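One structure below.
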Ligand code: SAM
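Residue numbers (our numbering): 18 to 262.
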């Protein structure tokens, strides 16, 4: 899978995936094809200007439309015969809220171009004419789209086969089956008077599976009741929920 990230500060993204962690290793091994693109390479003139004062006045600068449009067009033309064009995503606090479902939808796309804003954001005509989707990573404002782009790349990449180690799986993670993940424990068996639940040390795999599933349901009920509406539950789990509500 290929990601292109268009940014005026490419070093932020390059440094994040420089070989460490599961996604960094997938980038280094070529499993994930990550190309970080410097917006300044698509400017014209010796100032390599990427921003300008807003029409109508006021504080802050706006990202100029021409370099971004030029970059999107040039990058989109890079696809080999039959490869098509990238899915163009603008990172914006005003976009659709990113969640596991959105990550899964993006993971089905072979090529994604992530466009990072800075300052007051990008000229509105980029949003109107050059992007397929606007994504927000939450209701707060960051200084730039690079951290949101990195969050999207990480969440999407770990869904691709081979990115996680053989013992790891995204399928049991929170949100994958509509539930939060169950609690995890490792050695020692006791710390500060807190013991690991006996069932996890019993060696009874079926009992462990049932305990984990029950804890995932219980935890979701306590913390994220809204998720349960879409979760696929067994009759026993439904009963458990009814008895605790
Ligand atoms: N003036 C804009 C507004 O209030 O909607 C905020 C601009 S923000 C300071 C600069 C850039 O950071 C945005 O263009 C966007 O690319 C990125 N950004 C900031 N917060 C974000 C979020 N929650 N999700 C996605 N991108 C975000």
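No residue lacks a Cβ here, since even glycine has one placed at the ideal position from N, Cα and C. Computed from a prediction, not measured in an experiment: that's the story for all the values here.
Taking 7 Å as the threshold (C-beta atoms), are residue 65 and residue 54 in contact? Within the chain shown, numbered from 1, the residue matching residue 54 stands at position 37. Within the chain shown, numbered from 1, the residue matching residue 65 stands at position 48. For residue 54 and residue 65, no; Cβs fall outside 7 Å.
Taking the continuous alpha helix (DSSP H) assigned at residue 30, which residues delimit it? Here residue 30 is taken as the residue at index 13 of the chain shown, counted from 1. Segment 27-33, the alpha helix (DSSP H) holding residue 30.
Any chance you could list the alpha helix (DSSP H) runs of at least 4 consecutive residues sitting entirely within the segment 123-196, in chain order? Within the segment 123-196, complete alpha helix (DSSP H) segments of at least 4 residues are found at 141-147, 163-174, given in chain order.
Start-end ranges of the beta strand (DSSP E) lying completely within the segment 57-114, minimum 3 residues: 104-114
DSSP on residue 211, reduced to helix/strand/coil? Stepping through the chain shown from its first residue, residue 211 is reached at position 194. Strand, per DSSP.
Just checking, does the segment 68-84 make contact with the segment 39-48 on the three C-beta pairs under 8 Å criterion? no
Can you confirm whether the segment 183-198 touches the segment 143-152 when touching is taken to mean that 3 or more C-beta pairs between the two stretches lie within less than 8 Å? no
Work out the CA separation of residue 235 and residue 80 for me, nearest whole Å. Working through the chain shown from its first residue, we reach residue 80 at position 63. Working through the chain shown from its first residue, we reach residue 235 at position 218. Near 47 Å, if we compare the C-alpha coordinates of residue 235 and residue 80.
Can you determine whether any heavy atom of the ligand SAM sits closer than 6 Å to the C-beta of residue 155, and answer yes or no? For the purposes of this step, residue 155 is taken as residue 138 along the chain shown, with counting starting at 1. Yes; taking the cut-off as 6 Å, the Cβ of residue 155 has a heavy atom of the ligand SAM nearer than that.
Residue 112 vs residue 151 beta-carbon contact at 7 Å: Taking the chain shown and counting its residues from 1, one reaches residue 112 at position 95. Taking the chain shown and counting its residues from 1, one reaches residue 151 at position 134. In contact: residue 112 and residue 151 (Cβ atoms closer than 7 Å).
Close-in-space but distant-in-sequence residues of the same chain around residue 177 (CB under 8 Å, 5 per side omitted): For this step, residue 177 is matched to residue 160 along the chain shown. Taken in chain order, the residues that qualify are 18, 43, 48, 49, 124.
Can residue 163 and residue 30 be called in contact, C-beta distance under 7 Å? Position 146 of the chain shown, counting from 1, holds the residue named residue 163. Position 13 of the chain shown, counting from 1, holds the residue named residue 30. In contact: residue 163 and residue 30 (Cβ atoms closer than 7 Å).
When the Cα atoms are used, what is the spatial distance from residue 88 to residue 168? Here the question's residue 88 lines up with position 71 in the chain shown. Here the question's residue 168 lines up with position 151 in the chain shown. Going by the C-alpha atoms only, they are around 22 Å apart.
I'd like to check one pair, residue 196 with residue 237: are the Cβ atoms closer than 7 Å? In the chain shown, residue 237 corresponds to position 220, counting from 1. In the chain shown, residue 196 corresponds to position 179, counting from 1. Yes; because the gap between Cβ atoms is below 7 Å, this pair is in contact.
Own chain residues within Cβ distance below 6 Å of residue 114, not counting five before or after: Here residue 114 refers to the residue found at position 97 when the chain shown is read from its first residue. Closer than 6 Å at the Cβ level, and outside the excluded window around residue 114, lie 153.
Per-residue burial, residue 255 [other beta carbons within 10 Å of its own, 16 or more giving buried]: Reading the chain shown from its first residue, position 238 is the one you call residue 255. If you draw a 10 Å sphere on the C-beta of residue 255, you find fewer than 16 other C-beta atoms in it, and that means exposed.
Which partner residues does residue 21 have in the DSSP bridge list? For the purposes of this step, residue 21 is identified with residue 4 of the chain shown, where counting begins at 1. DSSP output for residue 21 lists 52, 130 as bridge partner(s).
On the CB-based measure, 16 or more other CB atoms within 10 Å of its CB, does residue 135 come out buried or exposed? Here residue 135 is taken as the residue at index 118 of the chain shown, counted from 1. Per the 10 Å Cβ criterion, buried.
Is residue 229 helix, strand or coil when you go by DSSP? For this step, residue 229 is matched to residue 212 along the chain shown. Helix at residue 229.
Residue 213 versus residue 96 - alpha carbon distance: The count along the chain shown starts at 1 and reaches residue 213 at position 196. The count along the chain shown starts at 1 and reaches residue 96 at position 79. Between residue 213 and residue 96, the C-alpha separation is close to 52 Å.
Round the Cβ separation of residue 131 and residue 158 to the nearest angstrom and send it over; I've been treating them as touching at under 8 Å. The residue you call residue 131 lines up with position 114 of the chain shown. The residue you call residue 158 lines up with position 141 of the chain shown. Between residue 158 and residue 131 the Cβ distance is about 18 Å, and since that is not below 8 Å, they are no contact.
I need the DSSP call for residue 250, collapsed to helix, strand or coil. Residue mapping note: residue 250 aligns to position 233 of the chain shown, counting from 1. Residue 250: coil per DSSP, three-state reduction.
So is the beta-carbon of residue 158 under 6 Å away from any non-hydrogen atom of the ligand SAM? For the purposes of this step, residue 158 is identified with residue 141 of the chain shown, where counting begins at 1. Yes, the beta carbon of residue 158 sits closer than 6 Å to at least one heavy atom of the ligand SAM.
Is any heavy atom of the ligand SAM found at a distance shorter than 6 Å from the C-beta of residue 245? Translated into positions along the chain shown, residue 245 becomes position 228. No; taking the cut-off as 6 Å, the Cβ of residue 245 has no heavy atom of the ligand SAM nearer than that.
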